[in-house]
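Note sheet for the following structure.
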Amino acid sequence: MINTDDCLANSMTIVFTFYIRKIISMYNRH
Numbered sequence: 001m002i003n004t005d006d007c008l009a010n011s012m013t014i015v016f017t018f019y020i021r022k023i024i025s026m027y028n029r030h
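Heads up: the sequence shown begins at 1 in UniProt numbering, then just goes up one per residue.
See the structure below:
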């Protein structure tokens with residue numbers, strides 16, 4: 001069986017990392 005909680009946590013981590021990189025790049029523009 002596939003653990004849906006694992007998949008959800010995985011996708012959330014990917015999205016979280018994506019937004020963190022986006023925010024960092026925004027700060028680096030200054």
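Quick reminder that beta carbons are idealized off the backbone N, C-alpha and C, glycines included.
Since the model is a prediction, treat every value here as computed from it, not as a measurement.
Would you kindly work out how many angstroms separate the C-alpha atoms of residue i and residue j, rounded to a whole number?
i   : j   : result
I24 : D6  : 27 Å
R29 : N3  : 40 Å
V15 : M26 : 17 Å
A9  : Y19 : 15 Å
S11 : R21 : 15 Å
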